[in-house]
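As given, the protein sequences belong to chains A and B, one line each in that order.
For the first sequence, this note's numbering gives the first residue as 487, with consecutive numbering after it.
For the second sequence, this note's numbering gives the first residue as 487, with consecutive numbering after it.
Protein chains: 2
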Amino acid sequence: MPWDFKSDRPIYTQLIEQIELKIFSGEYPPGAKLPSVRDIAQEASVNPNTMQRALAKLEEDGLVITHRTSGRSITEDIELIKKAKNQLAKQQIAEFLEKMKLMGFEKTETLALITDMLEEMKK
Amino acid sequence: MPWDFKSDRPIYTQLIEQIELKIFSGEYPPGAKLPSVRDIAQEASVNPNTMQRALAKLEEDGLVITHRTSGRSITEDIELIKKAKNQLAKQQIAEFLEKMKLMGFEKTETLALITDMLEEMKK
DNA sequence: ACTATTGTATTAAGCGCTTAATACAATAGT
DNA sequence: ACTATTGTATTAAGCGCTTAATACAATAGT
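Dropping the structure here:
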């Protein structure tokens with residue numbers, strides 16, 4: 487199935503993010519082999535060049551390892567994954583709180599809205 | 487001072503968002519007159535055409551009113567503003583929770599992380 | 001040894017975003 | 001009545017993103 491993209495950001499940045507999420511959530515576990523650029527690009531319905539660009543960034547960050555002719559795999563460095571995951575989480579939270587603050591919501595108000603929505607989602 | 491933009495999204499969408507935030511927070515109160523396209527564009531350090539594009543969207547949503555030759559002003563429809571504000575807040579929360587979920591954080595875990603960060607910010 | 005598969009690189013085209021320059025119509029303010 | 005200011009429109013250029021087509025080097029797997 488084609489992956490889900492918003493039209494307001496470059497696809498390659500969204501690919502990076504979505505693959506990161508798959509790694510952090512364990513859908514791509516440490517050491518797992520990734521599909522080839524061509525295959526994963528087709529799966530996501532994007533051009534191989536675009537996927538390549540995203541994978542290059544993930545490799546730069548150490549989350550993905552490239553084996554010249556036998557494809558790519560997720561790093562086995564569990565600590566690295568955990569660190570990256572916590573860093574992203576912190577960033578997400580900070581950005582979110584910042585936006586809510588700019589909208590004029592007090593901290594306690596923001597917290598209340600979240601608990602409300604979590605309650606709703608339980609049903 | 488030039489406004490703050492990230493490089494991973496079109497400027498005009500960020501302008502829309504930032505002006506919305508100014509409206510919701512009360513920095514641009516209901517009925518207030520906006521600077522002219524040229525002035526506000528210069529303030530934000532963007533091209534007038536780009537600012538025009540953002541304002542056109544805000545006008546489409548009814549948050550901003552255009553007076554052909556005497557500039558623009560924020561709507562006086564307080565209810566409309568409140569509705570838009572709550573809708574954006576809900577969307578922000580939903581997107582945030584969705585991302586955390588995709589990262590593999592449980593709801594209670596996410597909540598704990600937020601309260602932690604709020605505690606930290608108090609200091 | 002051969003072959004298919006891997007990552008990688010290059011070129012050209014199309015598209016949207018952004019800027020710059022310029023012009024016009026309408027009217028508030030004098 | 002005049003003038004400066006308002007929003008609006010148009011054209012051209014540059015840039016990054018994305019796609020498509022194609023090719024190459026390296027090697028796992030047989």
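All C-beta atoms in this analysis are idealised placements derived from N, C-alpha and C, irrespective of residue type, glycine included.
Quick caveat, the model's predicted, so the values are computed rather than measured.
- One Cα belongs to A518 (chain A), the other to E562 (chain A), and the distance between them is close to 8 angstroms.
- Residue pairing by DSSP places I551 (chain A) opposite A:S559 in a beta bridge.
- If the five residues before and after T536 (chain B) are omitted, its C-beta is found closer than 6 angstroms to the C-beta atoms of I497, Y498, all from its own chain and listed in chain order.
- For E595 (chain B), same chain residues with a beta-carbon under 6 angstroms away, outside a window of 5 residues either side, do not exist.
- When DSSP states are grouped into helix, strand and coil, K492 (chain B) belongs to the coil group.
- Proximity of A530 (chain A) to chain B, defined by a Cβ-Cβ separation below 8 angstroms, is not satisfied.
- Under the DSSP assignment, P521 (chain B) falls outside any alpha helix (DSSP H); it carries neither an H nor an E label.
- About 6 angstroms separates the CB atoms of S511 (chain B) and M589 (chain A); that is less than 8 angstroms, so the two are in contact.
- Taking 8 angstroms as the cut-off, the Cβ atoms of M607 (chain B) and A575 (chain A) do not count as close.
- Against chain B, the beta carbon of P496 (chain A) has neighbours under 7 angstroms at D494, listed in chain order.
- In the three-state scheme derived from DSSP, where H, G and I count as helix and E and B as strand, E545 (chain B) is classed as helix.
- DSSP places Y514 (chain B) in the coil class of the three-state scheme, outside both helix and strand.
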